[in-house]
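Peer 1: Questions regarding the structure given below will be posed in turn.
In the numbering used here, the protein residues as written are 104 to 353.
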């Protein structure tokens, strides 16, 4: 249930019954209704609680979907930090617009209902369909594509990491561009490892947002982004296992 807006009691009962009938394991933050709903509909697959650390739950690897009113904080946590597809049920105000963006623009979720009332059969049906990984509509939310492998076989040897790295940096940009040309709908943003610089360049040339994925610690990132300043001051950082030494050349 939302923080400020919620369902009528009769609709809550239908949702609880539908979730129970769906056979899908679920966690429902139901505030003051949690104890009653748990006794009536929890069974061995459902858990109703009055509160939880939402972001921590969304990050759990077993979570396959998020039913939300589309409050902006929840949308941000789900999209920016957890990457979980959503079932949206907006109740009013800005939630309606947020739901439209999720479903129609970003295409990372479904809207639960169009009618004013939903019975338990409808709830059970849409939850089962949404959590079915083989469902064609669900598969459209996330598409996987593979860049053509153009790296020479001799560069793929386990002992030749420098050669493999050089090949990735110099040979893969063109196949990546060709892959983007084939996507329908076209890509609207790119996210790439900070070391794969050509992915950033491809996104910039297409005038779409680019995000650099950084897998190291914040302290290393701080050093990385300040390298131009360090070089301009003739400061060179030498890394030595668990510590680093700064050598200043004057």
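For every residue, glycine included, the Cβ atom is placed at its ideal position computed from N, Cα and C.
Contact defined as beta carbons within less than 8 Å: I believe residue 221 pairs with residue 117. What is the distance between those atoms, to the nearest angstrom?
Peer 2: Counting from one through the chain shown, the residue named residue 221 turns up at place 118. Counting from one through the chain shown, the residue named residue 117 turns up at place 14. That pair is a contact at about 6 Å.
Peer 1: Could you work out which residue in 256, 142 and 309 is closest to residue 280 when comparing CA atoms only?
Peer 2: Counting from 1 along the chain shown, the entry for residue 280 is found at position 177. Answer by Cα proximity: 309.
Peer 1: Can you find a CB in chain C that lies within less than 8 Å of the CB of residue 255?
Peer 2: Although the question refers to chain C, the structure presented lacks it and comprises just one protein chain.
Peer 1: What residue range is occupied by the uninterrupted alpha helix (DSSP H) comprising residue 228?
Peer 2: Counted from its first residue, the chain shown places residue 228 at position 125. Secondary structure note for residue 228: its alpha helix (DSSP H) is the uninterrupted segment 223-233.
Peer 1: Have a look at residue 354 and residue 155 and give me their C-alpha separation to the nearest angstrom.
Peer 2: Outside the displayed range of the chain (104 to 353) lies residue 354, so it cannot be described from this structure.
Peer 1: Looking at residue 119 and residue 143, is the spacing between their C-beta atoms short of 8 Å?
Peer 2: Numbered from 1 along the chain shown, position 40 holds the residue referred to as residue 143. Numbered from 1 along the chain shown, position 16 holds the residue referred to as residue 119. Going by C-beta atoms, residue 143 is nearer than 8 Å to residue 119.
Peer 1: Apart from the five residues just before and just after residue 314, which ones in its own chain have a Cβ nearer than 6 Å to its Cβ?
Peer 2: One-based indexing of the chain shown puts residue 314 at position 211. These residues qualify, in order along the chain: 294.
Peer 1: Tell me which residue opens and which closes the alpha helix (DSSP H) that residue 197 is part of.
Peer 2: Reading the chain shown from its first residue, position 94 is the one you call residue 197. Unbroken alpha helix (DSSP H) run through residue 197: 197-203.
Peer 1: For residue 130, report the span of its beta strand (DSSP E) as first-last.
Peer 2: Stepping through the chain shown from its first residue, residue 130 is reached at position 27. Unbroken beta strand (DSSP E) run through residue 130: 129-132.
Peer 1: Starting from residue 272, trace the alpha helix (DSSP H) in both directions and tell me its first and last residue.
Peer 2: Along the chain shown, one-based indexing puts residue 272 at 169. Note, residue 272: alpha helix (DSSP H), 264-274.
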